[in-house]
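Enquirer: Once you've had a glance at the structure underneath, I'll fire off some questions.
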Amino acid sequence: MNLTYKKSGVDIDLADKLVDFLQKKSPAIGGFSGLFPIPADNGDPWRLVACTDGVGTKLKFAFALDRHDTIGIDLVAMCVNDLIACGARPMIFLDYYATGKLDLKRSKSIMAGILEGCRQGRSMLLGGETAEMPGFYPPGEYDLAGFSVGIVKKSEVIDGSKIFPGDLVLGLPSSGLHSNGFSLVRKVFTGRHLRHWGPRLLTP
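Taking our numbering, the leading residue of the sequence shown gets 631, the next gets one more, and so forth.
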């Protein structure tokens, strides 16, 4: 099976061109997250770090299996992982939840997952936005986005400048695919494969 991101409908090259365009217009835009200097009268200055992310088409698995209790954990993890990639300590989290028609039971399940994600990610859920938009989403579907803010000392920022040939690389086990590459995953796991592997693929 010769599957690529492009064949699954994701054009990474085109996305890179958009990022290049944005960074030329706003040079402050970072990689996985953006850093903003906090003035310090003395001592080591700090950097405020912010990022945003979503769970992508992994939501389609949640819709198909009608399981919504873990997708919020994924959402927080995607954002927090981007923060810690530059050495930042997570502090606060905000969510954006949009749906065509609000389903209270499902929404509570989603929010419970977000709260659990914040607990695991050592972040405070400071606020968010719930948008009910009739006719915008197919029945039973919704979208999620998250926003994380953290802090790191300037001297402790991980930016790759202190990485050299010969450094030791540590590999850590993963609980699964998290929320990356699910447009490609959905091309592989369909029908009976989805029913069999779906619950495992929903693992945060």
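Glycine included, each C-beta is placed from N, C-alpha and C at the ideal position.
(1) How many angstroms separate the CA atom of residue 717 from the CA atom of residue 753?
(2) Taking all protein chains shown into account, decide if residue 732 is buried (16 or more other Cβ within 10 angstroms of its Cβ) or exposed.
(3) Please look up how many angstroms separate the CB atoms of residue 662 and residue 715, rounded, as I've assumed it's under 8 Å.
(4) Could you give the distance in angstroms between the alpha-carbon of residue 756 and the alpha-carbon of residue 641?
(5) Whole angstroms is fine: what's the gap from residue 773's alpha carbon to residue 648's?
(6) Using a Cβ-Cβ cutoff of less than 8 Å, which residues in the same chain neighbour residue 783 once the five nearest sequence positions on both sides are dropped?
(7) Inspect the CB distances between the segment 814–824 and the segment 697–709 and report whether three or more fall short of 8 Å.
(8) Go ahead and pull the three-state DSSP assignment for residue 763.
(9) In whole angstroms, give me the CA-to-CA distance for residue 778 and residue 653.
(10) Can you tell me whether DSSP reads residue 813 as helix, strand or coil?
(11) Output the distance between the C-alpha atoms of residue 799 and residue 739, rounded to the nearest integer angstrom.
(12) Would residue 727 and residue 771 qualify as a contact pair, given that the criterion is a beta-carbon distance under 9 Å?
(13) Give a yes or no on whether the C-beta atoms belonging to residue 809 and residue 686 are separated by under 9 Å.
(14) What number of angstroms, rounded off, separates the C-alpha of residue 762 from the C-alpha of residue 694?
(15) Tell me, please, which residues DSSP counts as bridged to residue 758.
(16) Look at the Cβ atom of residue 807, then the Cβ atom of residue 831, and state whether they are nearer than 9 Å.
(17) Kindly indicate the opening and closing residues of the beta strand (DSSP E) around residue 778.
(18) By the three-class DSSP mapping on this structure, what secondary structure does residue 666 have?
(19) As an exercise, report each continuous alpha helix (DSSP H) stretch of at least 4 residues that is fully enclosed by the segment 667–726, in chain order.
(20) Please tell me whether, using a cut-off of 8 Å, the distance from the CB of residue 756 to the nearest non-hydrogen atom of the ligand SAM is below it.
(21) Cβ of residue 713 within 9 Å of Cβ of residue 660?
Expert: According to the structure shown:
(1) 15 Å
(2) exposed
(3) 5 Å
(4) 34 Å
(5) 22 Å
(6) 674, 675, 676 and 677
(7) no
(8) coil
(9) 20 Å
(10) helix
(11) 38 Å
(12) no
(13) yes
(14) 21 Å
(15) 725
(16) yes
(17) 772–783
(18) strand
(19) 689–695 and 701–714
(20) In the structure shown, the ligand SAM is absent, as is every other ligand, since no ligand is present at all.
(21) no
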